[in-house]
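**Student:** Here's a structure for you.
Protein chains: 2
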Amino acid sequence: MLSLSKRAELMPASPIRKLVPFAQEAKKNGIKVYHLNIGQPDIKTPELFFEAIRNFDAPVLEYALSQGDIKLIDSFKKYYEKCNIDFEQDEIIITYGGSEAIILSLMAIGDPGDEVLVPEPFYANYNGFACEAGLVIKPITTKAEEGFHLPSKEYIKSLIKPNTRAIMISNPCNPTGTVYTKGELKMLGEIALEHDIFLIGDEVYREFVYDGLEFTSLMHIPEIRDRVIICDSISKRYSACGARIGCVCSKNKDFMKTIMKFAQARLCVATIEMLGATSLINTTKEYFQEVNKEYQKRRDIVYNALLNIPGVVCEKPMGAFYVVAKLPIDDAEDFAKWMLTDFNVNNATTMVAPAAGFYATPGLGKDEVRLAYILKEEDLTVAMDILAKGIKAYSNK
Amino acid sequence: MLSLSKRAELMPASPIRKLVPFAQEAKKNGIKVYHLNIGQPDIKTPELFFEAIRNFDAPVLEYALSQGDIKLIDSFKKYYEKCNIDFEQDEIIITYGGSEAIILSLMAIGDPGDEVLVPEPFYANYNGFACEAGLVIKPITTKAEEGFHLPSKEYIKSLIKPNTRAIMISNPCNPTGTVYTKGELKMLGEIALEHDIFLIGDEVYREFVYDGLEFTSLMHIPEIRDRVIICDSISKRYSACGARIGCVCSKNKDFMKTIMKFAQARLCVATIEMLGATSLINTTKEYFQEVNKEYQKRRDIVYNALLNIPGVVCEKPMGAFYVVAKLPIDDAEDFAKWMLTDFNVNNATTMVAPAAGFYATPGLGKDEVRLAYILKEEDLTVAMDILAKGIKAYSNK
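In order, the protein sequence lines correspond to chains A and B. Using my numbering, read the first sequence as starting at 4 and increasing by one per residue. Using my numbering, read the second sequence as starting at 4 and increasing by one per residue.
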């Protein structure tokens, strides 16, 4: 019989998009839906991006270089210098967003059946990338009560097997908002050295750190510079998600040579979007400061609202624009669906992402949701009020 | 020791890009290099593309839908109607060029170790896509003397094993310029039905067919519509290679459901480039007619020049903008390199692609080159004259 691959069967559907039909139905019925379920910011994309694009004037839209436009690579290089990260031009390859950076990295370091350790809850699409590459994600379970910080070195070491190829972290973390401490990164570095494995850092939220906390990159740990892979993206940093521009960077020459072979096979990344992205390096410091202040305000609104809901467990998230909160309910998926189908306050409701999809361990996260604080102050305040009322009404059902 | 994957080792480097350093060196030394080695057309991209992009006016560059912008999907649907192919909206998913369409298709139908039959010589990057997906390409050898048309049904059937998942063709063919006949496609259809496997048609050169020949799509064979996968791209059709916009289409619902899961994992394709691509459906028929006439003229220049070189074997190519020719030399790679390092006519030389990289069978294609006729008339005439003189000089060494 004409059949698809096992990979096709194993490939997970997006756990976030599963509830979309219910949201669409609610909207059809005249209900306003506040989306706290997705990471699409409402912050204006810097005008520089659009100016650059409007000024494109070559008669032929040609292929770009496979490693990416040299000017864009150079703009990333300068950006990293400001972050105290010294990547050379040939240590940066432009990708289709952070997504391609991660999937190519997994393909370069692992073969089908090989394992990668990832703190859970983790960005749900990691499962998809691993499935495409044939790799298996083994979770390092972290807990809401501990602010989703890492467990002990001994515990993490106990998870490592001969076919473990890397530890991958999202820092600041999507979905938890956790910012790993320098001590935690050093510990991961020690493990990577002791077991001779790679460390993949998904650092697309690097600028989104609050309360004056300092961000530490995996590249800031000198001992492990030969085995660190940084996956990056302009999507959140410049509110340019639709550009699909990211990069993968490493000082490991063999790794970069492999990424270059993958990059050559798919020819190049979109020429026009690279042009727009190149101009973004000129974005002023003030832009980031304003954006950061705005998100910190939003974080406070969400966190304070959660604190005031009886039974919610949630440490203060320090980065990114997400938080995972344990709710006083049994089944967050049912709750999220119910909010869309059966609940509203003045014809408005709030959509949240059930957190189980961010866990690899079956059964975990069933009473948790991820909230993305990507709406402006007024909307966020209303959305959190509706959520609080919804939790109360759902519990009293 | 910190090591990469077996896949990283197996991943082929681009055979075309290997000679690039010699071309760069030649240019440094003041030699003009006519590039017949790459498929980057010099035809103007329709102005409609740039107009659409300049008119983008949303304040935030947001994620698009994972399946692609609905307007773009609809524009592909209308385009297919004109080609007598009836794809519905949910049978079309937008991809990063034809490249992503192919790699996702391979991942959907095959698991590591599974095989796909492809007529050789074939587009070299198929090797890369297969390697990334863990699949193995088994060649169906075709010959210059036979215009690279397919061998007998019996022979092709003899290559099929229990883990053969599909037959994939490029039609019109890159690198050979061969346009498969309706009879050949029907034969492949029969094989696909008898062995219950998929048929993947890379039809990105659909419009590039000469001498009034009619193009037949795999979708024009009614019996196999449940198992045909069409991989497509706007790159060549509208001279918009840098847009990286393509699509994968099929009437097989399970297949499309799987592609959608892959598409969701990488979120979406570039928003701005999709906008430009959407406008291209309005490109006038006259554009295609002019472009077609131009390429036919170029094909004639190249083919007639090849006919006049003693010892060259080459049937008239009927489509795409490539030709593979057997030259009266032993080692086309050495010859191509020598043209760049040791030969010039009035400080100009011609760069060609050695064809061995397009074969999977070791040893085949060593005396063949691929020429892309993507230069304007005058340049092409000079380039072919230099090539003829080069072959003579190289043979007399």
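Note that CB positions come from ideal geometry on N, CA and C, so glycine has one too. Only a predicted model underlies this, so the values are computations on that prediction, with no experimental measurement involved.
Does the region 352-369 of chain B come close enough to the region 314-321 of chain B that 3 or more CB-CB pairs lie under 8 Å?
**Tutor:** The answer is no - the region 352-369 of chain B does not touch the region 314-321 of chain B, with fewer than three Cβ pairs under 8 Å.
**Student:** Answer with yes or no whether the minimum CB distance from alanine 111(A) to chain B is below 9 Å.
**Tutor:** Taking Cβ atoms only, chain B reaches closer than 9 Å to alanine 111(A), which makes this a yes.
**Student:** Ignoring anything shorter than 4 residues or poking outside the region 17-84 of chain B, list the alpha helix (DSSP H) runs there in chain order.
**Tutor:** List check, alpha helix (DSSP H) in window: 23-31, 50-57.
**Student:** Tell me whether the region 113-125 of chain B and the region 137-148 of chain B touch, counting them as touching only if at least three CB pairs, one residue from each stretch, are closer than 8 Å.
**Tutor:** Touching, yes.
**Student:** With DSSP as the reference, identify every bridge partner of glutamate 210(B), one or two as the case may be.
**Tutor:** None, per the DSSP bridge assignment.
**Student:** Count the other CB atoms, across all protein chains shown, that sit within 10 Å of the CB of threonine 167(A); report buried if there are 16 or more and exposed otherwise.
**Tutor:** Looking at its Cβ environment, which holds 16 or more other Cβ atoms inside 10 Å, threonine 167(A) is buried.
**Student:** Mind listing which residues of the region 276-299 of chain A have their C-beta closer than 8 Å to chain B's C-betas, in chain order?
**Tutor:** Here the close residues are Glu276, Gly279.
**Student:** Quick check on aspartate 303(A): does DSSP put it in helix, strand or coil?
**Tutor:** In the structure shown, aspartate 303(A) sits in a helix (DSSP, three-state: H, G or I).
**Student:** Just to confirm the assignment, what range does the alpha helix (DSSP H) spanning methionine 354(A) have?
**Tutor:** Run containing methionine 354(A): none in the alpha helix (DSSP H); it sits in the beta strand (DSSP E), 351-354.
**Student:** According to DSSP, is aspartate 382(B) part of a helix, a strand, or is it coil?
**Tutor:** Here aspartate 382(B) sits in helix by DSSP.
**Student:** For proline 115(A), return the contacting residues in chain B, with the cut-off set at a CB-CB distance below 7 Å.
**Tutor:** Near proline 115(A) (Cβ distances below 7 Å), the residues of chain B are Pro115, Gly137.
**Student:** Less than 9 Å between CB atoms is the rule here; does valine 121(B) satisfy it with respect to chain A?
**Tutor:** Taking Cβ atoms only, chain A never reaches closer than 9 Å to valine 121(B), which makes this a no.
**Student:** Determine whether the Cβ of lysine 47(A) lies closer than 9 Å to any Cβ atom of chain B.
**Tutor:** True, the Cβ-Cβ gap to chain B drops below 9 Å.
**Student:** Using the rule of at least 16 other Cβ atoms within 10 Å of the residue's Cβ for burial, across every protein chain shown, is glutamate 210(B) buried or exposed?
**Tutor:** Its Cβ being crowded by 16 or more others within 10 Å, glutamate 210(B) is buried.
**Student:** So what does DSSP say about methionine 14(B), is it helix, strand or coil?
**Tutor:** In this structure, methionine 14(B) counts as coil in the three-state DSSP scheme.
**Student:** Between which two residues does the beta strand (DSSP E) carrying glutamate 123(A) extend?
**Tutor:** Per DSSP, glutamate 123(A) belongs to the beta strand (DSSP E) from 118-123.
**Student:** Going by alpha carbons, who is nearest to proline 402(B) out of Cys271(B), Ala323(B), Ile76(B), Gly113(B)?
**Tutor:** Outside the displayed span of chain B (4 to 400) sits residue 402(B), for which this structure offers no information.
**Student:** I'd like the ranges of any beta strand (DSSP E) spanning at least 3 consecutive residues and lying wholly in the region 130-196 of chain B.
**Tutor:** The qualifying runs are 139-144, 167-173.
**Student:** Could you tell me which residues DSSP pairs with arginine 373(B) in its beta bridges?
**Tutor:** Answer is Val327(B), Ala356(B), bridged to arginine 373(B).
**Student:** For proline 178(A), does the count of other Cβ atoms within 10 angstroms reach 16, so buried, or fall short, so exposed?
**Tutor:** Buried, since its Cβ has 16 or more Cβ neighbours within 10 Å.
**Student:** For tyrosine 290(B), which three-state DSSP category applies?
**Tutor:** If DSSP states are grouped into helix, strand and coil, tyrosine 290(B) belongs with the helices.
**Student:** Using alpha carbons as the reference points, say which of Glu293(B), Cys250(B), Ile312(B) lies closest to tyrosine 83(B).
**Tutor:** Closest option to tyrosine 83(B), Cα to Cα, is Cys250(B).
**Student:** From this set, Cys134(B), Leu138(B), Glu187(B), which residue's C-alpha is nearest lysine 156(B)'s C-alpha?
**Tutor:** Checked all of Cys134(B), Leu138(B), Glu187(B); the closest Cα to lysine 156(B) is Glu187(B).
**Student:** Residues of chain E with CB closer than 8 Å to the CB of cysteine 176(A), please, in chain order.
**Tutor:** Absence of chain E from the displayed structure is noted, the protein chains being A and B.
**Student:** Suppose you measure from the CA of isoleucine 159(B) to the CA of glutamate 118(B); what does that come to, to the nearest Å?
**Tutor:** About 13 Å.
**Student:** Drop a sphere of 10 angstroms on the beta-carbon of aspartate 72(B), count the other beta-carbons inside from all chains shown, and report buried for 16 or more, exposed for fewer.
**Tutor:** Aspartate 72(B) should be labelled buried.
**Student:** So with Cβ pairs under 9 Å, would you call tyrosine 401(A) a contact of chain B?
**Tutor:** With chain A running from 4 to 400 in the structure shown, residue 401(A) is simply not present.
**Student:** Which residues, in chain order, does the region 217-243 of chain A contribute to contact with chain B at a C-beta distance below 9 Å?
**Tutor:** Flagged, chain order: Asp229, Arg230, Ser238, Tyr241, Ser242, Ala243.
**Student:** For threonine 181(B), is the classification buried or exposed, using 16 other Cβ atoms within 10 angstroms of its Cβ as the cut-off for buried?
**Tutor:** Classification for threonine 181(B): buried.
**Student:** Consult DSSP for serine 236(B) and reduce its assignment to one of helix, strand or coil.
**Tutor:** Three-state DSSP puts serine 236(B) in a strand.
**Student:** Any idea what DSSP makes of tyrosine 99(A), helix, strand or coil?
**Tutor:** Strand, per DSSP.
**Student:** Opposite cysteine 250(B) in the DSSP bridges: which residues?
**Tutor:** According to DSSP, which records beta bridges pairwise, cysteine 250(B) is partnered with Ile97(B), Asp235(B).
**Student:** What do you reckon, are the CB atoms on lysine 11(A) and phenylalanine 201(B) nearer than 9 Å?
**Tutor:** The sequence shown places alanine at residue 11(A), not lysine. No, the pair does not count as a contact, with Cβ atoms beyond the cut-off.
**Student:** Quick one: which chain A residues come within Cβ less than 7 Å of glutamate 65(B)?
**Tutor:** Chain A residues near glutamate 65(B): Gln43, Cys244, Gly245.
**Student:** Can you tell me the Cα-Cα spacing of tyrosine 213(B) and tyrosine 241(B), whole angstroms?
**Tutor:** Whole-angstrom Cα-Cα distance: 17 Å.
**Student:** Rounded to whole angstroms, what is the Cα-Cα separation between proline 313(A) and lysine 30(A)?
**Tutor:** Between proline 313(A) and lysine 30(A), the C-alpha separation is close to 29 Å.
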